[in-house]
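Asker: First the structure, then my questions, so here it is.
Residue numbers (my numbering): 40 to 505.
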């Protein structure tokens, strides 16, 4: 048996693992690359395998860096089932259609300009490809044992990252030849409201673990909420500007809404006008409420929040493009939450183009920003950025709050790994930039000598033959 590490090796995005053995071949995740000058080329290149040769795909969760190339995979010949959690299956209905729409819209914009490359004129995939992929998705509940193949079984456990996110336990083989692979997917930070803590796994022969924050810990939640109060009041009441927040449509948006509500109930914030300017985030928020049983007790406050009757806080959905454009005419007093979280596409780009030149505004970065993304440029102090082909001066204040991350930090990752009752034979550290993944690898090897390695992009690692 062997695993080929096709994505999320020495970087955070593009999660994709090819698992092969005698009589089977399948993928775990099929994500888009995001950020960096070569991300587009990576997404467009041919798969390193024949998609039609796959038996099935197992998907850890709905974020685009894990699911975003599924329409391309199905267009290029994959006909099998895509196994995932029930909630992820519903989120994919929103996210893959939205992703296809973005690619089609980008191609249409390119067609209106001169001297565009052939690739720019052709979308990465189309809505019809997304629909094909969605028709192949099969949802299951957490903790079920799911037969995928005569010698392969799957169980999904709650990863605590976003709605529907799963740790994947995969058993391969029979009898004494059976081996267990565990893919952490993206693990959530334990002890936070809304999401349940990641499930503890008892044993694995081989563990593939993420390392997004493998070299550092998050700021505690209390100081992070203090900072959110400070930046909100400073921007809205002292500078008399707008607070612009790039946020992932699934996970981060719902968490921010929860915190604004909590802080208002505590009397620390008041008279908030929050505009949720992301149709995908709006649908995801409603979907979150329908799946409230998957969340912890504190999250039930979100489901019962009657924002339209609470005079101290008002959450407004902007549905149309015209309503979104109108937000840019607001000079002060608005909190605008919009996707995408790394500022790589979507309506947030329009709000940044209009809002960055204004010194009274604040851009609040509340999530991980991959190398090469516009969000990363802002965090690193860029004085001007390119948006829609134009140079935009950065005069607005840029603030970053690290305590709201949906990823487990270094301490949480190590605690989760240490909870295994049977130490894995090998641990493969992925889904992190080199500094983060190498730091986590070193610490694991300090505690468990020789267990951890860090696969290179495209590396093939042979496991015990089955």
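Glycine is no exception: its CB is placed at the ideal position from the N, C-alpha and C atoms. Note that the structure is predicted; figures quoted are calculated from it, not measured.
(1) Is the CB-CB distance between residue 48 and residue 68 below 7 Å?
(2) Considering only the alpha carbon of each residue, which of 164, 386, 394 and 262 lies closest to residue 371?
(3) For residue 72, which residues of its own chain have a beta-carbon under 6 Å away from its beta-carbon, when the five flanking residues on both sides are left out?
(4) Residue 191: which of 202, 209 and 178 sits nearest, CA to CA?
(5) Output the distance between the C-alpha atoms of residue 92 and residue 86, rounded to the nearest integer angstrom.
(6) Just curious, the alpha helix (DSSP H) that residue 260 is in, first and last residue?
(7) Alpha carbon to alpha carbon, what distance is there between residue 247 and residue 118?
(8) In the DSSP assignment, find the unbroken alpha helix (DSSP H) run with residue 482 in it and report its ends.
(9) By a C-beta neighbour count over all protein chains shown, 10 Å radius and 16 as the cutoff for buried, is residue 460 buried or exposed?
(10) Look at the alpha carbon of residue 406 and the alpha carbon of residue 441, and state the distance between them as a whole number of angstroms.
(11) Name the one or two DSSP bridge partners that residue 432 has.
(12) To the nearest angstrom, report how far apart residue 347 and residue 291 are at their CA atoms.
(13) Once you ignore the five residues that flank residue 129 on each side, which residues in its own chain have a CB closer than 7 Å to its CB?
(14) Please return the same chain residues whose Cβ sits closer than 8 Å to the Cβ of residue 219, not counting the five positions on each side in sequence.
(15) Under 7 Å between the Cβ atoms of residue 447 and residue 466?
(16) Just to confirm my understanding: we take residue 487, look at its own chain, exclude 5 residues before and 5 after, and list those with CB closer than 7 Å. What are they?
(17) Could you pull out every unbroken beta strand (DSSP E) segment of at least 3 residues lying fully inside the region 133 to 203, listed in chain order?
(18) Using the beta-carbon count (16 or more within 10 Å), is residue 464 buried or exposed?
(19) Mark residue 238 as exposed unless 16 or more other C-beta atoms lie within 10 angstroms of its C-beta, in which case mark it buried.
(20) Restricting to runs no shorter than 3 residues, where is the beta strand (DSSP E) found entirely within the region 229 to 262?
(21) Looking only at C-alpha atoms, which of 76, 274 and 101 sits nearest to residue 399?
(22) Pull the bridge partners of residue 44 from the DSSP assignment, please.
(23) Buried or exposed for residue 142, please, with buried defined as at least 16 other CB atoms from any protein chain shown within 10 angstroms of its CB.
(24) Using DSSP bridges, identify the partner residues of residue 402.
(25) Taking DSSP's pairing of strands, which residues face residue 218 in a bridge?
(26) Keeping to the same chain, check which residues put their C-beta closer than 8 Å to that of residue 206; ignore five residues upstream and five downstream.
(27) From the DSSP output, which residues share a beta bridge with residue 51?
(28) Taking one C-beta from the region 314 to 328 and one from the region 168 to 186 each time, how about it: are there three or more such pairs within less than 8 Å?
(29) Is it the case that the region 311 to 322 contacts the region 279 to 288, given that we only count it when at least three CB pairs across the two stretches are under 8 Å?
(30) Could you tell me whether the region 381 to 393 touches the region 351 to 366, where touching means 3 or more Cβ pairs closer than 8 Å?
(31) Is it buried or exposed for residue 16, if we count other Cβ within 10 angstroms and need 16 for buried?
(32) Quick check: what's the CA-CA separation for residue 101 versus residue 456?
(33) Under the assumption that residue 35 contacts residue 355 (Cβ atoms under 8 Å), give the Cβ distance between them as a whole number of angstroms.
(34) Please tell me whether residue 502 and residue 134 are closer than 7 Å, where the distance is taken between their beta carbons.
(35) With DSSP as the reference, identify every bridge partner of residue 123, one or two as the case may be.
(36) Whose CA, out of 376, 254 and 401, lies closest to the CA of residue 482?
Answerer: Well, looking at it:
(1) Taking the first residue of the chain shown as 1, we reach residue 48 at position 9. Taking the first residue of the chain shown as 1, we reach residue 68 at position 29. Result no, Cβ atoms of residue 48 and residue 68 do not sit closer than 7 Å.
(2) To locate residue 371, count along the chain shown from 1; it is residue 332. Out of 164, 386, 394 and 262, 394 has the C-alpha closest to the C-alpha of residue 371.
(3) Here residue 72 refers to the residue found at position 33 of the chain shown. So the qualifying residues of the chain are 52, 53, 78, 81 and 82.
(4) Reading the chain shown from its first residue, position 152 is the one you call residue 191. Minimum Cα distance to residue 191 is reached at 209.
(5) As a first step, residue 92 must be located in the chain shown, where it is residue number 53. As a first step, residue 86 must be located in the chain shown, where it is residue number 47. Rounded to the nearest angstrom, the two C-alpha atoms are 12 Å apart.
(6) Position 221 of the chain shown, counted from the first residue, corresponds to residue 260. Here the alpha helix (DSSP H) through residue 260 covers 260 to 272.
(7) If you number the chain shown from 1, residue 118 lands on position 79. If you number the chain shown from 1, residue 247 lands on position 208. Roughly 26 Å separates the two Cα atoms.
(8) Numbered from its first residue, the chain shown carries residue 482 at position 443. Unbroken alpha helix (DSSP H) run through residue 482: 473 to 486.
(9) Locating residue 460 in the chain shown gives position 421, counting from the first residue. Counting Cβ neighbours within 10 Å, residue 460 comes out exposed, since fewer than 16 surround it.
(10) Translated into positions along the chain shown, residue 406 becomes position 367. Translated into positions along the chain shown, residue 441 becomes position 402. Approximately 7 Å between the Cα atoms of the pair.
(11) Looking up residue 432 in the chain shown gives position 393. According to DSSP, which records beta bridges pairwise, residue 432 is partnered with 423.
(12) What you label residue 347 is simply residue 308 of the chain shown in a count that begins at 1. What you label residue 291 is simply residue 252 of the chain shown in a count that begins at 1. Per-residue confidence for residue 347 stands at a pLDDT of 40, beneath the threshold of 50, marking its modelled position as unreliable; the derived number appears in the next sentence. Their backbone Cα atoms lie some 21 Å apart in a straight line.
(13) The sequence position of residue 129 within the chain shown is 90, counting from 1. The answer, listed in chain order, is 326.
(14) As a first step, residue 219 must be located in the chain shown, where it is residue number 180. Once the five neighbours on either side are set aside, the close Cβ partners of residue 219 are 208, 209, 210, 211, 242, 243, 244 and 245.
(15) Stepping through the chain shown from its first residue, residue 447 is reached at position 408. Stepping through the chain shown from its first residue, residue 466 is reached at position 427. No, the pair does not count as a contact, with Cβ atoms beyond the cut-off.
(16) Here residue 487 is taken as the residue at index 448 of the chain shown, counted from 1. The residues are 462.
(17) 176 to 179, 185 to 188 and 191 to 197
(18) As a first step, residue 464 is located in the chain shown; it is residue number 425 there, counting from the start. Classification for residue 464: exposed.
(19) What you label residue 238 is simply residue 199 of the chain shown in a count that begins at 1. Classification of residue 238: buried, given that the 10 Å Cβ count is 16 or more.
(20) 245 to 249
(21) Position 360 of the chain shown, counted from the first residue, corresponds to residue 399. For residue 399, the nearest C-alpha among the options comes from 274.
(22) Translated into the one-based positions of the chain shown, residue 44 becomes position 5. Answer is 56, bridged to residue 44.
(23) Sequence index remark: in the chain shown, residue 142 carries index 103 (1-based). Burial call: buried.
(24) In the chain shown, the residue the question calls residue 402 occupies position 363. Beta-bridge pairing links residue 402 to 283 and 437.
(25) As a working note, residue 218 is residue 179 in the chain shown. According to DSSP, residue 218 bridges with 211.
(26) As a working mapping, residue 206 is identified with position 167 in the chain shown. Here the set comprises 99, 195, 196, 197, 198, 221, 222, 223, 224, 226, 237, 238 and 240.
(27) Your numbering for residue 51 matches position 12 in the chain shown. Beta-bridge pairing links residue 51 to no other residue.
(28) no
(29) yes
(30) yes
(31) Lying before the first or after the last residue shown, residue 16 is absent from the chain, which here runs from 40 to 505.
(32) The residue you call residue 101 lines up with position 62 of the chain shown. The residue you call residue 456 lines up with position 417 of the chain shown. Residue 101 and residue 456: Cα-Cα distance of roughly 23 Å.
(33) Outside the shown range of the chain (40 to 505) lies residue 35, about which nothing can therefore be said.
(34) By one-based count along the chain shown, residue 502 stands at place 463. By one-based count along the chain shown, residue 134 stands at place 95. Going by C-beta atoms, residue 502 is not nearer than 7 Å to residue 134.
(35) Translated into the one-based positions of the chain shown, residue 123 becomes position 84. Residue 123 is bridged to 178.
(36) Counted from its first residue, the chain shown places residue 482 at position 443. Residue 254 is the option with its Cα nearest to residue 482.
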